[in-house]
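K.L.:
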Amino acid sequence: MSVGSVGDEVRAEQAGPQQSLGTAAARNLATTTKSAPQMQEITSRWLLRMLPWVQVQGGTYRVNRRLSYSVGDGRVTFVQTGERVAVIPAELGELPALRGYDDEEALNELASRCVQRQYAAGEIIATAGEPTDRVHLLAHGKVEQIGEGPYGDEAILGVLADGSYFGDSSLTHADATWEWTARAATTCTVLELTRDDVRNLAERATSLGAHLAGFAALPHQRTNRYGEAAIDLSAGHVGEAVVPHTYVDYDASPREYELSVAQTVLKVHSRVADLYNQPMNQTEQQLRLTVEALRERQEHELINNREFGLLSNCDYGQRLQPHDGVPSPDDMDELLSRRRGSKMFLAHPRAIAAFGRECNRRGLVPESIEINGNRIPTWRGVPIYPCNKIPISDARTTSIICMRTGESDQGVIGLHQTGIPDEIEPSLSVRFMGIDEQAIISYLVTAYYSAAVLVPDALGVLENVEVSRWH
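As structure tokens, this is what we get:
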């Protein structure tokens, strides 16, 4: 006999015979206290909670804007094969001079004439005052725009990152010069297309030559600093001055947002629904978790959808780059300065942590406010809401969103339609689809939603924020 078994017998003799019912047996007769089904996917969904929602009665929302003459202000996309980088030919249409040009053969040849170059950190790509003879397409890296300060010192005017371009005026203006110096802040991969290459192709491809000539011949339009058609006004005059006549022109092709949809079919066996509804209704619990998942997907789409998502619909002029990679108070101030009445930041929790580390390094303590019983950090009084739907790239970079909200304030709004058939929540319905031959009950669960940016400066994004750098 082993030592362990001897010890067990001794303890059993000391304890004596069992005098009451054991807990394991008692559980067979007891009704246990249990929780409702739990789900890790559920988040706070601050975007859905704080975004003003506008009723879209016809299923489509049209954003009417004042006529704008700004064109070709987008981002160029590249493909990479090993160390070789090439621009997608159709993406050259993002350059103002090539906006609307659709000759695939000519665009393919232009793309093939782009020469790849590498610049080391600190190397000068273009110098202010020198003639501009080529357009630079930034495939990867950061480029600083260097200008002269008011006292002759160096000033950083801005930072360009992946997908940016500069020097595009060289394609149509032979006397164009660089207004600022372009300096590589990191190792940069740049594709260069010279004016001579474009001209040589334009001499052979008549469609390209005609398009460039037509663009160069466009009359100079009087606009405000936002690119909108100017409104003639007169102020400060005396006597019988002639008051100018004017009118406000509208965009002839306003953008329309159709409500998007997220759907699933929930199936519950009738035997489960009939026999296992105590103490919790199985169908209700299945539906509750399904609705939670649907709302999570709705917030994901509002952030990431290519048609109406906030990250894709931010105007290129409202996209900023952090000056030192990490999200600093300076970058957040710059983001706030681009718009009036900012109502909220949205950031991945890791980005909020990175911003907190930078504040700690500088000895700053951001204030926090209480919203719906939660303590939310703020910067300059603007709440920073966590949102894990904002993606983090393989390079451990993410984005921080800043926006003004509300239809009356020309901000960002959510779109939905309430009052739909079988609605259980605003713009979310559950429709009974019947019972099949296997006695399975089906319910169609549907959510309708979208988002609209009423004017470009309502939404700004701080891109390429590093979240894994520790000082």
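Following the working numbering, the numbering of the sequence shown begins with 419 at its first residue and continues without gaps. The beta-carbon is built from N, C-alpha and C at its ideal position, and this holds for glycine as well.
Mind reading off the beta-carbon distance from CYS606 to LEU556? Whole number of angstroms is fine, and I expect it under 8 Å.
P.N.:
In the sequence shown, the residue the question calls residue 606 occupies position 188. In the sequence shown, the residue the question calls residue 556 occupies position 138. That belief holds up - the Cβ atoms of CYS606 and LEU556 are roughly 7 Å apart, short of 8 Å.
K.L.:
Going by DSSP, what residue range makes up the beta strand (DSSP E) through ILE543?
P.N.:
The count along the sequence shown starts at 1 and reaches residue 543 at position 125. Where ILE543 is concerned, the enclosing beta strand (DSSP E) stretches over 542-544.
K.L.:
What does the Cβ neighbour count give for TYR479, buried or exposed, with the cut at 16 atoms within 10 Å?
P.N.:
Here residue 479 refers to the residue found at position 61 when the sequence shown is read from its first residue. With 16 or more Cβ atoms within 10 Å of its Cβ, TYR479 is classed as buried.
K.L.:
Distance, Cα to Cα, ALA670 vs LEU485?
P.N.:
Here residue 670 refers to the residue found at position 252 of the sequence shown. Here residue 485 refers to the residue found at position 67 of the sequence shown. Their backbone Cα atoms lie some 7 Å apart in a straight line.
K.L.:
Return the bridge partner residues of ARG673 from the DSSP annotation.
P.N.:
Locating residue 673 in the sequence shown gives position 255, counting from the first residue. ARG673 is bridged to VAL481.
K.L.:
Got a sec, what are the start and stop residues for the beta strand (DSSP E) ARG847 sits in?
P.N.:
Taking the sequence shown and counting its residues from 1, the one referred to as residue 847 is at position 429. Before going further, note that residue 847 is Ser rather than Arg in the sequence given. Unbroken beta strand (DSSP E) run through SER847: 846-853.
K.L.:
In whole angstroms, what is the alpha-carbon distance linking TYR861 and GLN696?
P.N.:
Within the sequence shown, the letter at position 443 stands for residue 861. Within the sequence shown, the letter at position 278 stands for residue 696. Approximately 21 Å between the Cα atoms of the pair.
K.L.:
Of all the options LEU705, ARG689, TYR537, GLN828, which has the alpha carbon lying nearest to the alpha carbon of PRO470?
P.N.:
Taking the first residue of the sequence shown as 1, we reach residue 470 at position 52. Of LEU705, ARG689, TYR537, GLN828, the residue nearest in Cα terms is GLN828.
K.L.:
Out of GLU646, LEU510, ARG706, point me to the one whose CA is closest to TYR583's CA.
P.N.:
Along the sequence shown, read from residue 1 onward, the residue named residue 583 stands at position 165. Ranking the options by Cα distance to TYR583, first place goes to LEU510.
K.L.:
Just reading off the alpha helix (DSSP H) that HIS718 is part of, what are its end residues?
P.N.:
For the purposes of this step, residue 718 is identified with residue 300 of the sequence shown, where counting begins at 1. That run of the alpha helix (DSSP H) goes 700-722.
K.L.:
Residues in its own chain within less than 7 Å of PHE633 by CB, not counting five upstream and five downstream?
P.N.:
As a working note, residue 633 is residue 215 in the sequence shown. So the list reads ALA515, THR590, once near-sequence residues are dropped.
K.L.:
Given that a residue counts as buried once 16 or more other Cβ atoms are within 10 Å of its Cβ, and exposed if not, what is ASP812?
P.N.:
Position 394 of the sequence shown, counted from the first residue, corresponds to residue 812. When all chains shown are included, ASP812 counts as exposed.
K.L.:
Relative to the C-alpha of PHE496, which residue among ALA524, CYS532, LEU738 is closest?
P.N.:
To locate residue 496, count along the sequence shown from 1; it is residue 78. When each option's Cα is compared against that of PHE496, the closest is CYS532.
K.L.:
Identify the residues that DSSP records as bridge partners of MET762: which are they?
P.N.:
The residue given as residue 762 occupies position 344 in the sequence shown. Beta bridge pairing from DSSP links MET762 with MET821.
K.L.:
With ILE770 as the anchor, note down where its alpha helix (DSSP H) starts and where it stops.
P.N.:
Taking the sequence shown and counting its residues from 1, one reaches residue 770 at position 352. Where ILE770 is concerned, the enclosing alpha helix (DSSP H) stretches over 767-780.
K.L.:
Once the 5 residues before and after VAL424 are set aside, which same chain residues still bring their CB inside 6 Å of it?
P.N.:
Looking up residue 424 in the sequence shown gives position 6. For VAL424, the predicted structure reports a pLDDT of 49, less than 50, and the residue's modelled location is therefore unreliable. A value from the coordinates is still provided. When the five nearest sequence neighbours on each side are left out, no beta carbon in the same chain lies closer than 6 Å to the beta carbon of VAL424.
K.L.:
Below 7 Å CB to CB, which residues in the same chain sit around ASP840 once its five sequence neighbours on both sides are set aside?
P.N.:
Taking the first residue of the sequence shown as 1, we reach residue 840 at position 422. Close CB contacts of ASP840 within its chain, under the 7 Å cut and outside five residues either way in sequence, are with SER847, VAL848, ARG849 (chain order).
K.L.:
Taking 8 Å as the threshold (C-beta atoms), are LEU712 and GLY863 in contact?
P.N.:
Along the sequence shown, one-based indexing puts residue 863 at 445. Along the sequence shown, one-based indexing puts residue 712 at 294. Residue 863 is actually Val in this sequence, not Gly. Yes, these two residues count as a Cβ contact at 8 Å.
K.L.:
If you scan the stretch 531-604 from start to end, which runs of the beta strand (DSSP E) of 3 or more residues do you find wholly inside it?
P.N.:
533-537, 542-544, 552-558, 561-566, 572-578, 599-602
K.L.:
Below 8 Å on the Cβ atoms is my guess for VAL494 versus GLY581; work out the distance and round it to an integer in Å.
P.N.:
Within the sequence shown, the letter at position 76 stands for residue 494. Within the sequence shown, the letter at position 163 stands for residue 581. Confirmed, about 5 Å.
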